[in-house]
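Heads up: the structure comes next, in structure tokens.
Number of protein chains: 2
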Amino acid sequence: MTAERKPRKDAVRNRAAVFAAADALFAQCRSPEEVTMADIATAAGVGKATLFRAFGDRTGLIRALYEARLAPVRAAIEEGPEPLGPATPPLERVPALLDAVLCFKLDNRHLALALEGSGADSPYRADHYDHWHALVRDLLRRLPGPPDSDFTAHALLAATRADLVAYLAGDKGVPREELRAQLAGFTAAVLDARTRRGTAVEG
Amino acid sequence: MTAERKPRKDAVRNRAAVFAAADALFAQCRSPEEVTMADIATAAGVGKATLFRAFGDRTGLIRALYEARLAPVRAAIEEGPEPLGPATPPLERVPALLDAVLCFKLDNRHLALALEGSGADSPYRADHYDHWHALVRDLLRRLPGPPDSDFTAHALLAATRADLVAYLAGDKGVPREELRAQLAGFTAAVLDARTRRGTAVEG
DNA sequence: TTGCGATACGGACCCACGGTCCGTATCTTC
DNA sequence: GAAGATACGGACCGTGGGTCCGTATCGCAA
């Protein structure tokens, strides 16, 4: 077993400072690209190298922020009560999941934008996307319907893309509840049509 | 009237050279980010400034390439025969439009990726997106169904996002025809559910 | 053909930003 | 409190988008 010895006290303090500073800066600025690493280091009262030592690179920092915010949602899904928790039947859980994703991206627009639009790597290569997709796909498979659960899961999740959400909620000024209702309606329509169109269950 | 005098001969020749070089380079490389402006200039046998003079900036160049490829599709939609042309009834034209978009993005993955993922500006602020969205939304409105055509149009188009298409067709190796069939199935399901769920027509 | 203003060329140059290096400071442990 | 390990920080580097300006080319007219 790799017995990782505990890190130095100042290291954890600095890590936390960077974390907080980055969170605040990303929340303030319109577009995530106008926050530079140097900005974050300065705001945290820390040298640039400290920042990179703690998080590897820009993507690593953003991912860390994102994962921290996401943790409670994950917990609610994995072991929480209905309608998000695992005991919920698929027909209710899929809409609940999508609604949770939407709400999360509404509440954390800046981070979601920064992560999904981190240039080089498409959001589809991120591991957390696979997680969501597998979850939705498997729920769809447990429902009667045509055997295209994989694509349908992608398509449903695409409706919650960070930049789309930011565009509608931000630029277009669509209110939160209205967006939620529209996504719910769309999801319901898709599920409804699927259960109606075919009764085969995928292996 | 702004009487724009005609450009010099070498200017148009260079512009064409840059155009061709950029097209070739983007087509060859895996990710559009590994093609630099200097690369394009070199490949075109031209100085960097010439390139920027002709197209403004990176986004301008990519957009010009994209629009050029898109022109035939646009023409087919605006004045072509069925099922893409304006004479087609909405119920058939919406799937046809989405299929055309999908095929276009499959055939021009590199450009679509370069444009949608051009970092700063979300794809939703591009004017061509508004065009597609308005088209789909207006068709949906002409159909009986719930009054959320605007969002539904966004959601349907989101299923054809360039990075999703590239991910499925490229990384996952989903064959072209299978992808088309899946998108068609998804679209049909959405339309089917809409016409079934409500009979109101939006004003 | 030649002369001349207008236009375009090109590559050296600039700047911003992500990421690294290394001499120095701080922590931990004995 | 001394020694070794660990972390600090800001100067530094490479890269890539975008610009500047002295020079070459073009178009036109005489």
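Those protein sequences? They're chains A and B, same order as listed.
Sequential numbering of the first sequence, starting at 1, is according to UniProt numbering.
Sequential numbering of the second sequence, starting at 1, is according to UniProt numbering.
Beta carbons are placed, not taken as given, at the ideal position from N, Cα and C, and that holds for glycine.
Contact test: residue i Cβ vs the ligand SAH heavy atom, cutoff 7 Å
i	result
A/Gly173	As far as ligands go, the structure on display features none, and thus does not contain the ligand SAH.
Within-8 Å CB hit, residue i to chain B
i	result
A/Thr59	no
A/His154	yes
A/Phe186	yes
A/Phe104	no
A/Asp163	yes
A/Glu78	no
A/Gln28	no
A/Ala158	yes
A/Arg197	yes
A/Ala166	yes
A/Arg13	no
A/Lys9	no
Neighbour flag for residue i against chain A, beta carbons, 8 Å
i	result
B/His128	no
B/Asp148	yes
B/Val101	no
B/Asp23	no
B/Val190	yes
B/Pro123	yes
B/Arg194	yes
B/Phe151	yes
B/Tyr66	no
B/Arg142	no
B/Ala20	no
B/Gly203	Here the model assigns B/Gly203 a pLDDT of 41, short of 50, so the residue's position is not dependable, and the following value carries that caveat. Judged by the 8 Å Cβ criterion, B/Gly203 is not in contact with chain A.
B/Thr2	Caution applies to B/Thr2, whose pLDDT of 49 falls short of 50 and renders its modelled position unreliable; the value that the coordinates give is listed next. No - not a single Cβ of chain A is within 8 Å of the one on B/Thr2.
Buried versus exposed call for residue i [16 or more other C-beta atoms within 10 Å across all chains shown]
i	result
A/Glu116	buried
B/Asp150	buried
B/Pro144	exposed
residue 209 of chain A	The requested residue 209 of chain A is not part of the displayed model; chain A covers only 1 to 203.
B/Val12	exposed
B/Pro7	exposed
B/Lys105	buried
A/Pro175	exposed
A/Thr36	exposed
B/Arg63	buried
A/Arg125	exposed
A/Ala68	exposed
A/Gln28	exposed
B/Ala134	exposed
B/Pro123	buried
B/Ala155	buried
Cut-off 8 Å between Cβ atoms - residues of its own chain near residue i, not counting five sequence neighbours on either side
i	result
A/Arg109	Ala162, Val165, Ala166, Ala169, Gly170
B/Ala38	Lys48
A/Ser31	Leu113
B/Leu157	Leu98, Val101, Tyr129, Trp132, His133, Val136
B/Thr2	Its pLDDT being 49, under 50, B/Thr2 is placed unreliably by the model, and the measurement read from it follows with that caveat. Result list for B/Thr2: empty, nothing under 8 Å.
B/Leu25	Val35, Asp39, Ile40, Ala43
B/Arg180	Asp99, Leu102, Cys103
A/Arg197	Gly145, Pro146
residue 213 of chain A	Only positions 1 to 203 of chain A appear in the structure, and residue 213 of chain A is not among them; the question remains open.
Same chain, Cβ closer than 7 Å to residue i, neighbours up to 5 away in sequence not counted
i	result
B/Val46	Asn14, Ala17, Val18
A/Asp23	Leu65
A/Ala20	none
B/Leu91	Leu143, Leu191
A/Glu83	Looking at the sequence shown, residue 83 of chain A is not Glu but Pro. Glu92, Arg93, Ala96.
A/Ala153	His133, Val136, Arg137, Leu140
A/Leu111	Phe26, Ile62, Leu65, Tyr66, Arg69
Cutoff 6 Å; reference residue i; Cβ partners in own chain excluding five residues on either side
i	result
B/Arg194	Gly145
A/Asp107	none
Check your understanding: Is the number of C-beta pairs between the segment 71-83 of chain A and the segment 43-60 of chain A that are closer than 8 Å three or more?
Key -> Touching, no.
**Study point:** Cβ pair count under 8 Å reaching 3, the segment 177-193 of chain A against the segment 88-98 of chain A
**Key:** Enough Cβ pairs lie closer than 8 Å, so yes.
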